[in-house]
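Written below as structure tokens is the structure these notes are about.
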Amino acid sequence: MKLTDRILRRLKNITFKNRIIFIFLISSLAPFICLGFISFYTIDSIIGNKVESALQSNLKQDLMTLENALSNMSHVSQQLAYGVGTNRLFEQLAAGQEPYERLRLTNELRSELNIITFSNPNVGLVLYYYPDKQTYQYENFRVRGSFEPDSLPVLSTYPEITYFGPHTSYNGSINQYVFSIMRKVNLPDQNVYLYIESGRNALKSLFAPQNQKDSSRRLLLLNDDGEIAFSEVPDKFPVSTMFPGENPEMTSGYSGKYFWNRETSNQGWSIVSVLPEHELKQERNRWLIQITGIFLIFLLVTVLMAWVLWKMVYRPLDKFHREIKSLIHSDATVQTEQTFIPEFDYLLYQTRSMKGKIWALYNEIEQKEKRRADLEVEKLLYQINPHFLMNTLDTVHWLALMNGQTEIDKLVLSLNKLLYYNLGKMGEVSTIGDEIEALREYLQLQQIRYDFQFDVDLDIDEQCLALPSPRFLLQPLVENALYHGVSDDGYINVSARLQGDVLVIVIQDNGEGMTPEKIASLLHDDSKESHKVGMGIGMKYVKRILRANYGDSAGLFIKSDLGKGTVVTLRLPINGREQNGGD
């Protein structure tokens, strides 16, 4: 099961390009391969049958030629062995005539033999053999060497005639293979045999020297017992051995590295042709090479077509991939290139159109978020009706003044000034100097409120007083310092300095300090109930007002040690404010 899962997982990880090429190759090559195998076996069978039929046909022709030659010699032997003229001459010679008469009879016998042999060109050497004396007589050609018919290879034996050969001719004027027969002459009281060989050209096409043959086909002759009487391949099929055919009725087969065909004559002997197996398969191998070449060409064309298909399909998909990746970049260059395939070009157009709509929607949402942030700031500034509140505080101021309540008068007057600044109109430009004056009024209120004394040190560079600033920025930070532990003998230091194009404001106290967890909560917890001190706005307001006015360009940092105090640092860009509709 694990092996199956592993295989399936690997199959799932195959790329689209490889899947296209694989499917195309399989769909293209599978029918061709199947057709190739079917064609191979069909044509191989046809070629094999064709070659074997041709070999068998040639062998039948050879057998017919050989049988005709032997039949012709048999016919001549019958004329001579049973002919009245020749037998009469033999009888007269045997009667013991005078020398002159014997010479005349001998010449007449030779003349009779010459007439018969000349009228049959397929007949060669002819002579009469006396086996009792092992001598011969009346030959029509010169006999080479000693005549020994018992050493000749026997093809078939009958009561009155024996077929020999092939063997080297006894004719002294030729040196080639011939067939021969011996037939007993019909003479009373005489043991005489007629010996006849085939002519010079009778079987030259069959038993010519091997260096004169056009093909590698060789011949064997088997006697009527299946023993090899003649062999043109003596190293593989030696003479006087049994032919290795399993069944005498078989007409073809394989032996060693040879293919053989056999034809049996009417006399019982057989002629066999043997051909090297590699030559038998030569035509099939030639056809196989041709079909292999065609297959390679087809494979090359198929691979080329697969490559073209990949270019047509995979490259447009790659363009889709690049288009989709560019969706995350609003400033990506608009692509106009085409694939020149209508379906893919339409999809590319839809993708690019979708990209434009997505980024238009994103910009719309971004603008809505900015407007919502501004509205929330405005909501904070207008949570209290400023005119009603200020008019009420002004009434309290005059009542306190009329009743001699100077402390109350001082308190109400500072509160009125602070609220007038903090609840001022949206769009009015405030500065660092305005923030410092509002901070002074706030600190005066807190010194009256708290029952302990603390010192406040304002160290503001004059170059910073005229710099623009969001409204109500410093008070929540100082309020946070008071809230987190400033007591008797405490102090708060507020400083402002220019560092290049950045305004750095630092609020430092010597209070109880905060834990890292508390600092993280102040900086990152945006819940509605977090960081509320004083007027209930606190650090949440500071972070939102910084993002609304400066985006990500401003920085708010808190560093604190327990028992030693806290340092809050603001870094405001003076040339890169991102105000949207005012402070």
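At position 112 of the sequence shown the residue is numbered 349 (our numbering), and the sequence of numbers has no breaks. Quick reminder that beta carbons are idealized off the backbone N, C-alpha and C, glycines included.
Tell me the rounded alpha-carbon separation between Met663 and Lys801.
Its pLDDT being 43, under 50, Met663 is placed unreliably by the model, and the measurement read from it follows with that caveat. Here the C-alpha atom of Met663 lies approximately 39 Å from the C-alpha atom of Lys801.
Consult DSSP for Met479 and reduce its assignment to one of helix, strand or coil.
DSSP places Met479 in the strand class (E or B) of the three-state scheme.
Using the C-alpha atoms, what's the distance from Thr806 back to Tyr586?
Taking the straight line from one Cα to the other gives about 51 Å.
Using a Cβ-Cβ cut-off of 8 Å (strictly less than) and excluding sequence neighbours within five positions of Asn653, which residues of its own chain qualify?
Close CB contacts of Asn653 within its chain, under the 8 Å cut and outside five residues either way in sequence, are with Met627, Leu630, Asp631 and His634 (chain order).
Measure how close the beta-carbons of Val415 and Asn357 come, nearest whole angstrom, since I'm counting them as under 8 Å.
Rounded to whole angstroms, the Cβ separation of Val415 and Asn357 is 14 Å, and the two are not in contact under 8 Å.
For Cys271, count neighbouring Cβ atoms within 10 angstroms of its own Cβ and tell me buried if that reaches 16, exposed if not.
Cys271 is classed as exposed because its beta carbon has fewer than 16 other beta carbons within 10 Å across all chains shown.
Could you tell me whether the Cβ atoms of Ile508 and Leu292 are closer together than 7 Å?
Result no, Cβ atoms of Ile508 and Leu292 do not sit closer than 7 Å.
Using a 10 Å radius around the Cβ and a threshold of 16 neighbouring Cβ atoms, would you call His768 buried or exposed?
Confidence in His768 is poor, its pLDDT being 45 and thus under 50, which makes the residue's placement too unreliable to answer from.
Answer yes or no: do Asn408 and Gly463 have a C-beta to C-beta separation smaller than 7 Å?
For Asn408 and Gly463, no; Cβs fall outside 7 Å.
For Asn305, which option in Ser435, Thr343, Glu469 and Ile353 has the closest C-alpha, if you only look at C-alpha atoms?
Considering only alpha carbons, the answer is Ser435.
Can you name, in chain order, every residue of its own chain whose Cβ lies under 8 Å from the Cβ of Asn286, other than the five neighbours on each side?
None.
Unbroken alpha helix (DSSP H) run spanning Thr343, endpoints:
Counting along the chain, the alpha helix (DSSP H) containing Thr343 begins and ends at Pro336 to Phe355.
For the putative contact between Leu459 and Phe480, defined by C-beta atoms under 8 Å, what is the C-beta separation to the nearest angstrom?
Right, their Cβ atoms sit about 5 Å apart.
Ala306 by DSSP, collapsed to three states: which one?
In the structure shown, Ala306 sits in a helix (DSSP, three-state: H, G or I).
Could you check the C-alpha separation between Pro810 and Leu702 for me, to the nearest Å?
Rounded to the nearest whole angstrom, the C-alpha separation of Pro810 and Leu702 is 15 Å.
With H, G and I counted as helix, E and B as strand and the rest as coil, what does DSSP make of Leu440?
DSSP places Leu440 in the coil class of the three-state scheme, outside both helix and strand.
Taking the CB atoms as reference points, tell me whether Gln712 and Tyr679 lie closer together than 7 Å.
Yes. Within cutoff.
Let me check understanding here. Comparing Cα to Cα, which of Gly273, Gln315, Leu783 and Ser732 lies closest to Asp696?
Closest by alpha carbon: Ser732.
Kindly indicate which three-state DSSP category Gly737 falls into: helix, strand or coil?
Correct three-state label for Gly737: coil.
Helix, strand or coil for Ala785, going by three-state DSSP, please let me know.
In the three-state DSSP reduction, Ala785 falls in the helix class (H, G or I).
Can you tell me where the alpha helix (DSSP H) with Lys755 in it begins and where it stops?
Counted as a single uninterrupted DSSP element, the alpha helix (DSSP H) harbouring Lys755 occupies residues Pro753 to His761.
For Asn351, which of Gln316, Glu335, Arg339 and Pro368 has the nearest alpha-carbon?
If we check each option's Cα against that of Asn351, Gln316 comes out closest.
Have a look at Pro368, Gln374, Ile353 and Glu376 and flag the residue whose alpha-carbon is nearest the alpha-carbon of Asp387.
Closest option to Asp387, Cα to Cα, is Pro368.
Give a yes or no on whether the C-beta atoms belonging to Glu500 and Leu296 are separated by under 7 Å.
A Cβ-Cβ contact shorter than 7 Å links Glu500 with Leu296.
By Cβ distance, which residues of its chain are closer than 6 Å to Leu694, with the 5 residues on each side in sequence left out?
Reading off the sequence, residue 694 comes out as Asp, not Leu. The answer, listed in chain order, is Asn730.
From the DSSP output, read off the bridge partner residues of Gln604.
In the DSSP output, where bridge partners are listed per residue, Gln604 has none listed.
For Leu517, the first and last residue of its enclosing alpha helix (DSSP H)
First-last of the alpha helix (DSSP H) with Leu517: Glu514 to Leu517.
Compare the beta carbon distance of Gly727 and Leu799 with 7 Å and say whether it is the shorter of the two.
At the C-beta level, Gly727 and Leu799 stay beyond 7 Å of one another.
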